[in-house]
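Just so we're aligned: 223 in the UniProt record's numbering is position 223 of the sequence shown, and the numbers increase by one with no gaps anywhere.
In this text, a Cβ means the ideal position worked out from N, Cα and C, and glycines have one as well.
Computed from a prediction, not measured in an experiment: that's the story for all the values here.
Input: a single structure, listed below in structure tokens.
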Amino acid sequence: MRDFSQDHRWLSLNTATVRKQWKLDRIIEECARRDIRAISPWRDQVAAVGLEKVARQLRDTGIVLSGYCRGGFFPAADAAGHQAALLDNRQAIDEAKTLGAPCVVLVVGSLPGALTGKPAYTDIARARTEVFDGIAAALEYARQVGMPLAIEPLHPMQAAERACVNTLEHALDICDALDPQQTGALGVALDIYHVWWDPKLQQQIARAGAARLLAYHVCDWLLPTRDLLNDRGMMGDGVVELKKIRGWVEDAGYQGYSEVEIFSELDWWQRPGEEVLDTCVSRHRSAV
């Protein structure tokens, strides 16, 4: 396993971690100041600054992307909604290509309308079918432009509104069905927050291998967790066996960035951005 204790060359910052403190251009500046070599930005943050401006700033600083957040949300109430979702995913793929991302992370969606409390239907099997068909359609375009797609399985607590793919096994089943030759066009984004609990995790990481492991996200699971969406912990503050899991991931062949992604309404989003980044660097060396 790689030794992270002496430097942070394999640290990437998911820019949601300081989204409440700074706009994306400032985040990039602060990362460059700390020799953080990679980021994974969100589409709304890019749009707020401007796609071409962000692309120039990345080139000027030498910072690369470890992923691009996000595509997905494929299920819809009707044909028009499906078409809109596919067009939005095509745009996400184009943006990722402009920024030089290695993959687009897919949060696949589930019951359409559930995020507002008014689902158009409650048939989760239908949602899973629409997710499969949506990924297949997005993959066709992604292959044309050479942009890999990474399915991110989400914790079952988010099965109704954000993602009906909730285990690494399910995500890999989709990959094997749509990309049986393991061409590199389709894989997974493994987010510790969502999968650490899975009794099949080690087995499924080995199954994924280097060909499917396109992104690796780290944070921690707090006790108590006060908000199931926005109370992620800084690495080392919770119960996840981070070093053990990274060992499994690297044994499977992954040699990319460990991307810190922390949504923290009650803690880290309340702190100065400088403190958050400095803590990410120190915890990446000691806890990841």
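Cut-off 7 Å between Cβ atoms - residues of its own chain near residue i, not counting five sequence neighbours on either side
i	result
L222	D231, G233, D237 and G238
F132	I174
V240	I192, W196, D220 and W221
I63	I28, C31, A32, R37, A38 and I39
R9	R37
A101	L65, G67 and Y68
Residues bridged to residue i (per DSSP)
i	result
E259	S12 and H217
I151	L106 and V188
V239	Answer by DSSP bridge pairing: none, since V239 is not bridged.
V69	Checking the displayed sequence, the identity of residue 69 turns out to be Cys instead of Val. According to DSSP, C69 bridges with W42 and V105.
S264	D231
V64	A38
A163	G109
Proximal residues to residue i (C-beta, below 6 Å), its chain only, five neighbours per side dropped
i	result
residue 304	Any question about residue 304 goes unanswered here, given that the chain covers just 1 to 288.
W269	K20
M157	L228
E259	S12, N14, S40, S66 and H217
I124	C164
A138	N89
H82	A76
E130	F74 and P75
Residue-chain proximity (residue i, chain D), Cβ-Cβ < 9 Å
i	result
A79	Here there is only one protein chain, and chain D is not present.
Cα-Cα separation between residue i and residue j, rounded to whole angstroms
i	j	result
G187	G117	31 Å
Q6	L242	17 Å
E29	S264	22 Å
I205	L266	32 Å
G113	E161	8 Å
L13	D35	11 Å
A77	A92	21 Å
H194	H155	4 Å
N89	I262	24 Å
R212	V105	13 Å
R207	D251	11 Å
W22	G273	7 Å
M184	R271	In the sequence as displayed, the identity of residue 184 is Gly instead of Met. Their backbone Cα atoms lie some 39 Å apart in a straight line.
G146	E140	10 Å
Q203	A210	14 Å
I151	D60	30 Å
G253	F4	17 Å
T225	Q144	42 Å
L87	L58	26 Å
I135	A79	16 Å
A189	Y257	12 Å
Y121	A85	17 Å
R285	V249	17 Å
R26	M235	23 Å
G247	R283	17 Å
E52	D176	35 Å
A159	I245	23 Å
Inter-residue CB distance, residue i and residue j (contact presumed, cutoff 8 Å)
i	j	result
T17	V276	6 Å
L201	L168	7 Å
H170	P153	6 Å
L172	C103	Incorrect: roughly 15 Å between the Cβ atoms, too far for contact.
Same chain, Cβ closer than 8 Å to residue i, neighbours up to 5 away in sequence not counted
i	result
R128	C164 and V165
V46	L24, V54, E95 and L99
D278	R34
Q255	R2 and A210
V281	H8, L11, R34 and I36
Next on the checklist: Counting beta carbon pairs with one atom in the region 58-70 and one in the region 36-43, are three or more of them shorter than 8 Å?
Outcome noted: yes
Checklist entry - How about the region 176-183 and the region 93-102: do they share at least three Cβ pairs that are nearer than 8 Å? => result no
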